[in-house]
Structures are given as structure tokens and as C-alpha cells.
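A.B. asks: Numbering (my numbering), first residue to last: 181 to 246. Even for Gly, the Cβ is constructed at its ideal location relative to N, Cα and C.
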Amino acid sequence: MTRKELAAYLGLEPNTLAVWKWKGNGPPCIKIGRSVRYRRSEVDRWLWERAGISTAAVTVEQRTEA
Numbered sequence: 181m182t183r184k185e186l187a188a189y190l191g192l193e194p195n196t197l198a199v200w201k202w203k204g205n206g207p208p209c210i211k212i213g214r215s216v217r218y219r220r221s222e223v224d225r226w227l228w229e230r231a232g233i234s235t236a237a238v239t240v241e242q243r244t245e246a
């Protein structure tokens with residue numbers, strides 16, 4: 181996902197994600213040249229961790245309901 185796509189997914193401004201990356205917060209990202217990309221699976225894992233829920237204890241069905 182691009183930063184813009186992820187921002188829309190999370191309901192945030194793309195600049196918020198840029199600040200989080202600069203501060204070392206936020207979901208893990210991959211830098212490809214000058215582009216920043218996010219893996220959907222990593223973003224979802226990051227969200228579950230922020231909610232205090234172990235991803236090992238959550239079924240696939242429960243993940244898609246959130």
C-alpha cells in the first residue's frame with residue numbers, strides 16, 4: 181500500500197504517517213527508492229498489537245470483522 185492508500189484505510193492524513201515514520205512510530209514500512217510502501221498484513225498485525233490483542237489468539241474470521 182502507498183502512504184496515501186494506508187492513510188485512507190486508517191482514516192488519517194498521509195502526513196501523519198510521515199511523522200510517525202520519522203519518529204519511529206506507526207506500522208512497519210518498506211522504502212523502495214524514494215517511495216514508502218506498507219504491507220497490509222504488517223499493518224493489520226500492528227493494529228491488533230495496538231489493541232492489546234495477540235494475533236496468535238485471533239482467528240482469520242475475527243481479523244476480517246474488525
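#1: What did DSSP end up calling Arg-230 once you bin it into helix, strand or coil?
#2: Is Tyr-218 closer than 7 Å to Leu-297 when the C-beta atoms are compared?
#3: Going by DSSP, what residues sit across from Thr-182 in a beta bridge?
#4: Starting from Asn-195, trace the alpha helix (DSSP H) in both directions and tell me its first and last residue.
#5: Leaving out five residues on either side along the sequence, give the residues of the same chain with a beta carbon under 7 Å from the beta carbon of Thr-182.
#6: Assuming Glu-222 and Pro-208 are in contact, meaning their beta carbons sit under 8 Å apart, how far apart are those beta carbons, in whole angstroms?
C.D. replies: If we stick to the structure as given:
#1: helix
#2: Outside the modelled stretch of the chain, which goes from 181 to 246, sits residue 297, for which no answer is possible.
#3: Arg-217
#4: 194-203
#5: Arg-217
#6: 5 Å
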